[in-house]
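Participant:
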Amino acid sequence: KTSRDESPSAVTMAALRARHPDVPFVLVVAGGREPDTDAIVAEGTALLGEHVRFLVRHPRARIPDLCRAADVFVLASLFEMMPIALLEAAASGLPCIVNDEPTLRWMTGAGGVPTAMDDREAVITAVRQLLIDPVRRATLATAARAHAVADFSEESIVQRYLAYYDAVMADRP
Numbered sequence: 056k057t058s059r060d061e062s063p064s065a066v067t068m069a070a071l072r073a074r075h076p077d078v079p080f081v082l083v084v085a086g087g088r089e090p091d092t093d094a095i096v097a098e099g100t101a102l103l104g105e106h107v108r109f110l111v112r113h114p115r116a117r118i119p120d121l122c123r124a125a126d127v128f129v130l131a132s133l134f135e136m137m138p139i140a141l142l143e144a145a146a147s148g149l150p151c152i153v154n155d156e157p158t159l160r161w162m163t164g165a166g167g168v169p170t171a172m173d174d175r176e177a178v179i180t181a182v183r184q185l186l187i188d189p190v191r192r193a194t195l196a197t198a199a200r201a202h203a204v205a206d207f208s209e210e211s212i213v214q215r216y217l218a219y220y221d222a223v224m225a226d227r228p
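FYI, in the numbering used here the residues of the sequence shown are 56 to 228.
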């Protein structure tokens with residue numbers, strides 16, 4: 056997303072780049088245009104230069120391709136109700152770094168890396184560890200996809216609705 060409250064901080068990623076220049080990454084920020092988008096793009100470009108790409112108004116139909124091209128998904132929000140972007144990332148088989156809070160842990164299951172998103176050092180460590188460890192990334196990617204399919208696929212959701220209706224109807228005379 057391209058909102059200050061919800062985008063990975065360019066300052067944090069610049070700190071990662073400064074401390075670990077050997078860790079290759081390009082931060083990709085995709086989402087809609089918000090009132091502060093231009094300021095975020097300017098700040099990110101000033102701090103990260105060629106190591107950041109902003110895809111403002113990226114077509115929704117192309118988000119799965121974008122996810123499949125990535126190595127890690129970072130949702131920097133401290134709290135969210137049920138972010139579709141997180142489900143899309145997990146369903147695409149991306150390890151997901153999320154704030155350590157119940158809803159986001161539930162949504163990512165074993166494919167997530169719960170992290171204190173308000174702690175810059177914790178975020179730098181989590182991102183760096185995934186970027187330098189392809190085996191762990193692959194393990195988390197497999198778990199993310201499996202969890203998304205098991206808990207959030209259309210088939211899974213429909214079956215839960217039907218089971219709920221069966222339980223409700225079973226209590227009727």
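Quick reminder that beta carbons are idealized off the backbone N, C-alpha and C, glycines included.
By the three-class DSSP mapping on this structure, what secondary structure does arginine 72 have?
Facilitator: Counting from 1 along the sequence shown, the entry for residue 72 is found at position 17. Arginine 72 falls in the helix class under three-state DSSP.
Participant: Pick out whichever of Ser64, Val66 and Pro79 has its Cα sitting closest to the Cα of glutamine 184.
Facilitator: Counting from one through the sequence shown, the residue named residue 184 turns up at place 129. The shortest Cα separation from glutamine 184 among Ser64, Val66 and Pro79 belongs to Pro79.
Participant: Tell me the rounded alpha-carbon separation between serine 64 and leucine 133.
Facilitator: Mapped onto the sequence shown, residue 64 falls at position 9. Mapped onto the sequence shown, residue 133 falls at position 78. So the alpha carbons of these two residues sit roughly 13 Å apart.
Participant: Using CA coordinates, which residue listed in Ala94, Asp155, Ala145 and Met136 is at the minimum distance from valine 230?
Facilitator: Here the chain covers residues 56 to 228 and nothing more, so residue 230 does not appear.
Participant: To the nearest angstrom, how far is the alpha carbon of arginine 59 from that of glycine 86?
Facilitator: Taking the first residue of the sequence shown as position 1, residue 59 is located at position 4. Taking the first residue of the sequence shown as position 1, residue 86 is located at position 31. Residue placement at arginine 59 is poorly supported in this model, since its pLDDT is 42, which falls under 50; the coordinates still yield a value, given next. Taking the straight line joining both Cα atoms gives about 12 Å.
Participant: On a CA-only basis, which of Ile212, Asp91, Val153 and Ile187 is nearest phenylalanine 128? Give me that one, please.
Facilitator: The residue given as residue 128 occupies position 73 in the sequence shown. It is Val153 whose Cα lies nearest to the Cα of phenylalanine 128.
Participant: Measuring only the C-alpha atoms, how far is arginine 88 from alanine 94?
Facilitator: Residue numbering aside, residue 88 sits at position 33 when the sequence shown is read from its first letter. Residue numbering aside, residue 94 sits at position 39 when the sequence shown is read from its first letter. Straight-line Cα distance between these residues: approximately 11 Å.
Participant: Per DSSP, isoleucine 152 forms a beta bridge with which residues?
Facilitator: Along the sequence shown, read from residue 1 onward, the residue named residue 152 stands at position 97. Its beta-bridge partners are Val129 and Val168.
Participant: Check whether the stretch 119-127 touches the stretch 66-77, counting contact only when three or more Cβ pairs, one atom from each stretch, lie closer than 8 Å.
Facilitator: No, they do not touch.
Participant: State the Cα-Cα distance for the pair arginine 117 and glutamate 143, rounded to the nearest angstrom.
Facilitator: Mapped onto the sequence shown, residue 117 falls at position 62. Mapped onto the sequence shown, residue 143 falls at position 88. The alpha-carbon atoms of arginine 117 and glutamate 143 are separated by roughly 11 Å.
Participant: Assuming glutamate 135 and leucine 159 form a contact by the criterion Cβ under 8 Å, report the distance between their Cβ atoms to the nearest whole angstrom.
Facilitator: By 1-based counting over the sequence shown, the position of residue 135 is 80. By 1-based counting over the sequence shown, the position of residue 159 is 104. Glutamate 135 to leucine 159, Cβ: 7 Å. Contact.
Participant: Decide if valine 190 is buried, meaning its Cβ has at least 16 other Cβ atoms within 10 Å, or exposed.
Facilitator: Start at 1 with the first residue of the sequence shown, and residue 190 comes out as number 135. Exposed: under 16 other Cβ atoms inside 10 Å.
Participant: Since alanine 198 contacts glycine 166 with CB under 8 Å, what's their CB separation in whole angstroms?
Facilitator: Within the sequence shown, numbered from 1, the residue matching residue 198 stands at position 143. Within the sequence shown, numbered from 1, the residue matching residue 166 stands at position 111. Between glycine 166 and alanine 198 the Cβ distance is about 4 Å, and since that is below 8 Å, they are a contact.
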